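A.B. asks: Shown below is the structure under consideration.
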């Protein structure tokens, strides 16, 4: 039998979860189990509240206070790179891995334009210089009710935007993906309106959690994960994390976003992870962490409520889903 | 004797996707979300065998493949087997530890409501698939087994409603179902068929009166 050894199976030292956190991992499992148990007994008095408390606690206890690094077990590189939604390369989960070999992510430049003092087009190396690259370990929750834990490398979006000096009229940030049907077979059919577009409100974009990623697992982004530059907003559903970005535009009007254009009743502009607001066709209350058997409860804002909930104070999150 | 061997071989072949799922589960080659793979595979084969069962009669009567006759029941029962496994994969493996969700899903989520309806339609068909039932029920057996069409429609719609955006694949299944239905209509009303003769007779009767 052929035994393939994954050369990423042994991560570099900096990616190794702290032993102290690792040893506490069962607490999270027990917490999730308790939560699941409590959810099974909706009629038992305070069961619901206890479930919420138990569900909210475990993930947070393993996160750094700023939310930059979770101690939860990381998804194996192999799985994070073979199970992707990147319709530019096909609609099946394995398509991006299979069909992205011909994509050329270098050289790359990004146009930064709109309501800023200093618009321009920058080479990727200038937009995200090596010295500014940070590591973040985030949970990633897909709108399809599965999730991963991924170690990213990148530059905080706020740091990039501030360099271009947004004007007072910069209320939103609009992102555009590359359009290359010759290299992206999925773009030859109009499954979605190409190029892919996404957007954030300016205060969301300036939140320290918002990351422009250039790498993952200690190396450059693989093509199927959005090479060479993608957005990561861990408190939102994965599709907000636009891949292969070629343009960032600051503007006064709320930008159009691809999935919202495709199915406005199913995918909102905000798309914050919210266990209480179901997708019209399926529940968002629980999720399957890739590699795990039983589903776990989904946390409000994907466990980043402490860092981002204030952005939405006073907003009806059912309406602004 | 040879017929029985062929029949057994067909059944063995038809269970191959199941074997592959089992082996894949043991070797962890079912992708990042094995339960989803299992759900998807069992669902697809349900639809394939169901459409296969519905294709037997047209193939037999238009194409003249009389030897296919016994396979209608075989394919139907295979469809029911895969459908049961599909439901169990979803209801037991996928919803592990959240048993109340299954009933809520069936009631609340249209694509699951429709899919479950399809399964329910197949239950009496599986139960009455025996020779004895055919004899006992007579004409009513034929009427009852028209539920197979309902099950097939439910299966196709279930598939169509669950995909996020790319509906090519479910549309292919729906198109095959449409073609099979067209073949039925053709069989029913083609010149020389019982229905056509009857229609012609009543037409000439009303013309002469």
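Protein chains in written order, with the working numbering: chain R, 26 to 346; chain H, 298 to 506. Where is the CB? At the ideal position from N, CA and C, for every residue including glycine. Treat the numbers as computed from the prediction; the structure is a model and nothing was measured.
From the DSSP output, in three-state form, read off residue 462 (chain H) for me.
C.D. replies: The answer is coil: DSSP assigns residue 462 (chain H) none of H, G, I, E or B.
A.B. asks: Going by DSSP in three states, residue 481 (chain H) sits in which element: helix, strand or coil?
C.D. replies: Residue 481 (chain H): helix per DSSP, three-state reduction.
A.B. asks: Flag this pair as yes or no: are the beta carbons of residue 347 (chain H) and residue 448 (chain H) separated by less than 8 Å?
C.D. replies: Taking 8 Å as the Cβ cut-off, residue 347 (chain H) and residue 448 (chain H) qualify as a contacting pair.
A.B. asks: Since residue 424 (chain H) is in the alpha helix (DSSP H), which residue starts that stretch and which ends it?
C.D. replies: 407 to 424 is the extent of the alpha helix (DSSP H) around residue 424 (chain H).
A.B. asks: Hey, is the stretch 303 to 311 of chain H in contact with the stretch 302 to 314 of chain R, meaning 3+ C-beta pairs nearer than 8 Å?
C.D. replies: Contact fails: fewer than three Cβ-Cβ distances are below 8 Å.
A.B. asks: Please report the straight-line C-alpha distance between residue 228 (chain R) and residue 389 (chain H), rounded to a whole angstrom.
C.D. replies: Distance between the alpha carbons of residue 228 (chain R) and residue 389 (chain H): 43 Å.
A.B. asks: List the endpoints of the continuous alpha helix (DSSP H) containing residue 237 (chain R).
C.D. replies: Not the alpha helix (DSSP H): residue 237 (chain R) falls in the beta strand (DSSP E), residues 236 to 241.
A.B. asks: Assign residue 126 (chain R) to one of three DSSP states: helix, strand, or coil.
C.D. replies: Note: residue 126 (chain R) maps to coil in three-state DSSP.
A.B. asks: Pick from H:392, H:328, H:472: whose alpha carbon is nearest that of residue 107 (chain R)?
C.D. replies: For residue 107 (chain R), the nearest C-alpha among the options comes from H:328.
A.B. asks: Taking the alpha carbon of residue 146 (chain R) as the point to measure from, which residue in R:258, R:156, R:239, R:270 has its own alpha carbon closest?
C.D. replies: For residue 146 (chain R), the nearest C-alpha among the options comes from R:270.
A.B. asks: Using the Cα positions of residue 373 (chain H) and residue 358 (chain H), report the straight-line distance between them to the nearest angstrom.
C.D. replies: Distance between the alpha carbons of residue 373 (chain H) and residue 358 (chain H): 18 Å.
A.B. asks: Taking one C-beta from the stretch 334 to 343 of chain H and one from the stretch 378 to 386 of chain H each time, how about it: are there three or more such pairs within less than 8 Å?
C.D. replies: Touching, yes.
A.B. asks: For the beta strand (DSSP E) that contains residue 273 (chain R), what are its first and last residues?
C.D. replies: Per DSSP, residue 273 (chain R) belongs to the beta strand (DSSP E) from 270 to 276.
A.B. asks: Would you please verify whether the beta carbon of residue 107 (chain R) is less than 8 Å from any beta carbon of chain H?
C.D. replies: Residue 107 (chain R) counts as touching chain H.
A.B. asks: So, is residue 345 (chain R) buried or exposed, given that buried needs 16 or more other C-beta atoms within 10 angstroms?
C.D. replies: Classification of residue 345 (chain R): exposed, given that the 10 Å Cβ count is below 16.
A.B. asks: Ignoring anything shorter than 3 residues or poking outside the stretch 309 to 334 of chain R, list the beta strand (DSSP E) runs there in chain order.
C.D. replies: List check, beta strand (DSSP E) in window: 311 to 314.
A.B. asks: Drop a sphere of 10 angstroms on the beta-carbon of residue 330 (chain H), count the other beta-carbons inside from all chains shown, and report buried for 16 or more, exposed for fewer.
C.D. replies: With 16 or more Cβ atoms within 10 Å of its Cβ, residue 330 (chain H) is classed as buried.
A.B. asks: Alpha carbon to alpha carbon, what distance is there between residue 249 (chain R) and residue 336 (chain R)?
C.D. replies: Going from the Cα of residue 336 (chain R) to the Cα of residue 249 (chain R) covers about 31 Å.
A.B. asks: Put residue 374 (chain H) into one of helix, strand or coil per three-state DSSP.
C.D. replies: Of the three classes helix, strand and coil, the one that applies to residue 374 (chain H) here is helix, per DSSP.
A.B. asks: I'd like the ranges of any beta strand (DSSP E) spanning at least 3 consecutive residues and lying wholly in the stretch 182 to 261 of chain R.
C.D. replies: Counting only runs of 3 or more, we get 197 to 202, 222 to 226, 236 to 241, 255 to 257.
A.B. asks: Starting from the Cα of residue 463 (chain H), find the closest Cα among R:272, R:323, R:113 and give me that residue.
C.D. replies: That would be R:113, whose Cα lies nearest to the Cα of residue 463 (chain H).
A.B. asks: Mapping DSSP to helix, strand and coil, what is residue 312 (chain H)?
C.D. replies: Here residue 312 (chain H) sits in coil by DSSP.
A.B. asks: Once the 5 residues before and after residue 181 (chain R) are set aside, which same chain residues still bring their CB inside 8 Å of it?
C.D. replies: Cβ neighbours of residue 181 (chain R) beyond the five flanking positions: 159, 233, 235, 236, 237.
A.B. asks: Closest to residue 392 (chain R) by CA distance: which of R:268, R:125, R:332, R:161 is it?
C.D. replies: Because residue 392 (chain R) is not part of the residues shown, which for chain R are 26 to 346, the question remains open.
A.B. asks: Helix, strand or coil for residue 430 (chain H), going by three-state DSSP, please let me know.
C.D. replies: The answer is helix: DSSP assigns residue 430 (chain H) an H, G or I state.
A.B. asks: Which value, in whole angstroms, describes the spacing of the CA atoms of residue 287 (chain R) and residue 177 (chain R)?
C.D. replies: The alpha-carbon atoms of residue 287 (chain R) and residue 177 (chain R) are separated by roughly 29 Å.
A.B. asks: Taking Cβ-Cβ distances below 7 Å as the criterion, which residues of the stretch 352 to 365 of chain H are in contact with chain R?
C.D. replies: Listed by position along the chain: nothing, the set is empty.
A.B. asks: Let's see if you can read the secondary structure: which residues bound the alpha helix (DSSP H) around residue 286 (chain R)?
C.D. replies: Here the alpha helix (DSSP H) through residue 286 (chain R) covers 283 to 287.
A.B. asks: Where does residue 343 (chain R) land, buried or exposed, given buried means 16+ other C-beta within 10 angstroms?
C.D. replies: Label assigned to residue 343 (chain R): exposed.
A.B. asks: Might you give, ordered along the chain, the residues of its own chain that have their beta carbon closer than 6 Å to the beta carbon of residue 412 (chain H), omitting 5 neighbours on each side?
C.D. replies: These residues qualify, in order along the chain: 455.
A.B. asks: Distance cutoff 8 Å, beta carbons only. Does residue 216 (chain R) sit that close to anything in chain H?
C.D. replies: With 8 Å as the cut-off, residue 216 (chain R) counts as an interface residue toward chain H.
A.B. asks: For residue 73 (chain R), would you say it is in contact with chain H, using Cβ-to-Cβ distances shorter than 8 Å as the test?
C.D. replies: Residue placement at residue 73 (chain R) is poorly supported in this model, since its pLDDT is 40, which falls under 50; the coordinates still yield a value, given next. No, residue 73 (chain R) lies away from the interface with chain H (no Cβ there is under 8 Å from its Cβ).
A.B. asks: Between the beta-carbon of residue 116 (chain R) and the beta-carbon of residue 216 (chain R), is there less than 8 Å?
C.D. replies: Contact flag set, yes.
A.B. asks: For the stretch 112 to 140 of chain R, enumerate the residues whose C-beta is nearer than 8 Å to any C-beta of chain H, in chain order.
C.D. replies: The residues in question are 112, 116, 118, 119.
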